[in-house]
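In the working numbering, each residue carries its 1-based index in the sequence shown increased by 680.
All residues carry an ideal CB built from backbone N, CA and C; glycine is no exception.
Being a predicted model, the structure only gives us computed values, none of them experimental.
So the structure is just underneath, and the comments pick up after that.
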Amino acid sequence: MKGMKTVFALILFAASAAAQIKNPVASALKDIFPNRQKNTVAAVETMPADKFTYKPSADQITFAHLVVHMIGANYMLCGNAAGLPAPTVEEPKDTDGKDKLVAALKASFKFCEDAIAKIDDSKLGEVSTGPDGTDYSRARFALGIASNWADHYAQVSMYLRLNGLTPPTTHK
Numbered sequence: 681m682k683g684m685k686t687v688f689a690l691i692l693f694a695a696s697a698a699a700q701i702k703n704p705v706a707s708a709l710k711d712i713f714p715n716r717q718k719n720t721v722a723a724v725e726t727m728p729a730d731k732f733t734y735k736p737s738a739d740q741i742t743f744a745h746l747v748v749h750m751i752g753a754n755y756m757l758c759g760n761a762a763g764l765p766a767p768t769v770e771e772p773k774d775t776d777g778k779d780k781l782v783a784a785l786k787a788s789f790k791f792c793e794d795a796i797a798k799i800d801d802s803k804l805g806e807v808s809t810g811p812d813g814t815d816y817s818r819a820r821f822a823l824g825i826a827s828n829w830a831d832h833y834a835q836v837s838m839y840l841r842l843n844g845l846t847p848p849t850t851h852k
């Protein structure tokens, strides 16, 4: 019986080794990217242009500011995770109109798509400097990408719901 357990364990190990994914972090980001991009852009597009100045309370940011923040986060996180400089683009402003902010958001997601395609998991231990001047591993930036996309979509959805709008991923 002990010999059977050893054989079974070896079979499981071999199957596990054969099924391993090269660059699992980059692969996971590539897998989730299309839906995160589609859902976030669709949610931002759902908000009417005249509601981009909306903020839930005096202490919270406007919807436009949230979009500006998402754009900057995409460039910073995706660039640092891949070890790429963000492109020089016109910096979006809270006062920019919906069309301009949506276009800038789409461009930032395009940069992320290109950057994620270049992430090499073997380099995730390398260090990049964050916006606060602190050095972080590329792995931390890669994890930040995924968590930010989820957080940002949740925030956009909250703003939509507070305005009586249904987020695009809500199933009826």
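Just list the residues that DSSP pairs residue i with in beta bridges.
i: T809; result: D815
Assuming residue i and residue j form a contact by the criterion Cβ under 8 Å, report the distance between their Cβ atoms to the nearest whole angstrom.
i: V836; j: L781; result: No, V836 and L781 are not in contact; Cβ-Cβ is about 12 Å, not under 8 Å.
i: D815; j: V807; result: 5 Å
Please return the same chain residues whose Cβ sits closer than 7 Å to the Cβ of residue i, not counting the five positions on each side in sequence.
i: Y734; result: T742, F743, Y839, N843
i: D774; result: T742, A744, H745, V748
In chain order, what residues of the same chain have a beta carbon less than 8 Å from the beta carbon of residue i, not counting five sequence neighbours either side?
i: F791; result: N754, Y755, C758, G759, A766, P767
i: K803; result: G763, R818
Going by beta carbon distance, what residues of the same chain come within less than 6 Å of residue i, once the five residues before and after it are set aside?
i: Q740; result: none
i: A762; result: A795, K798, I799
i: K778; result: A729, F732
Just checking residue i against the ligand FAD - is the residue's beta carbon closer than 7 Å to any of the ligand's heavy atoms?
i: D831; result: Inclusion of the ligand FAD in the displayed structure is not the case, the ligand content being empty and no account of it being possible.
Query raised in the report: If you pair each beta-carbon of the stretch 712-728 with each one of the stretch 756-770, do three or more pairs fall below 8 Å?
Result: Contact between the stretch 712-728 and the stretch 756-770 is absent, because fewer than three Cβ pairs lie under 8 Å.
**Report entry** Secondary structure, alpha helix (DSSP H): runs of 4+ residues fully inside the stretch 706-793
**Finding:** If we require 4 residues or more, the alpha helix (DSSP H) runs fully inside the stretch 706-793 come out as 743-762.
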